[in-house]
Amino acid sequence: MSALADLLEDFGTVVPSGAGPASGVDADEIARRELQSYEQGYRAGRDDAVRAQDEDSTRLAGDFAQNLKDLSFTYHEAYSHVLRAMTPLLRQIVETILPVALHDGLGAHVAAELEQVAARCGGLAAEVAVAPESLAAVAPFLARDFGFPVDLVPDASLREGQAELRLPDREQRIDLDGIAEGLRTAIAAFRPDMHEERAYG
5 MSALADLLED FGTVVPSGAG PASGVDADEI ARRELQSYEQ GYRAGRDDAV
55 RAQDEDSTRL AGDFAQNLKD LSFTYHEAYS HVLRAMTPLL RQIVETILPV
105 ALHDGLGAHV AAELEQVAAR CGGLAAEVAV APESLAAVAP FLARDFGFPV
155 DLVPDASLRE GQAELRLPDR EQRIDLDGIA EGLRTAIAAF RPDMHEERAY
205 G
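Just so we're aligned, residue 5 is where the sequence shown starts under our numbering, counting upward by one.
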């Protein structure tokens, strides 16, 4: 057994101070290197975390911008679809329903104007001129008493939907056809506006 002890190093022996390579200076150097390695590792980890956060923020911002773009495109597509569907309906209203409504409403409009005249200045005479084909539609509205005489006369220069209120001091034109024409023009300009909207969408 003593032969085995002779072959192996005895680590239990106390090495005198300054006898080996493990001096105090070497221990400080080791501690400094360990601290430096720790700081380098910490800095690298922190930089990786910041870079990953920046990449996530950039990706999220890009996704958000794409979602907004998709949403805007969907809105403009839906808006254009509604306009395309509404245009024939609006055109039909202007071309078929509106003329009838304006024709039927001409007499009421003339009567309303006469009532305003009566409220402002009574005791005068008035003449209402309409197209010959509008006489039958307007006459019932002028049968009431406005407080002054009102004569209904035909005027071939006027179209259906037009009337002239002729007073001693002035004349006033009522043009419901002009209103209808303005609506037709607006409907005609409706589709170019829609295409422009789609182009910018």
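Ideal Cβ placement from N, Cα and C applies to all residues, glycine included.
- The residue among Ile183, Ser138, Phe145 with its C-alpha nearest the C-alpha of Leu162 is Ser138.
- With a beta-carbon spacing of about 6 Å, Leu146 and Ala115 fall inside the 8 Å limit used to define contacts.
- DSSP, read as helix, strand or coil, puts Ala135 in coil.
- Here Glu168 is near Glu175, since their CB atoms are less than 7 Å apart.
- Boundaries of the beta strand (DSSP E) around Asp179: 175 to 179.
- Around the C-beta of Val134, 16 or more other C-beta atoms lie within 10 Å, and the residue is accordingly described as buried.
- The beta carbon of Ala112 sits closer than 7 Å to those of Phe145, all from its chain and outside the five residues before and after it, given in chain order.
- In the same chain as Ala130, and ignoring 5 residues on each side of it, the C-beta atoms closer than 6 Å to its own belong to Val154, Leu171, in chain order.
- Per the DSSP secondary-structure output, Arg88 pairs with nothing in a beta bridge.
- With 16 or more other Cβ atoms from the protein chains shown falling within 10 Å of its own Cβ, Ile178 counts as buried.
- CA-to-CA, the gap between Asp32 and Asp60 works out to about 42 Å.
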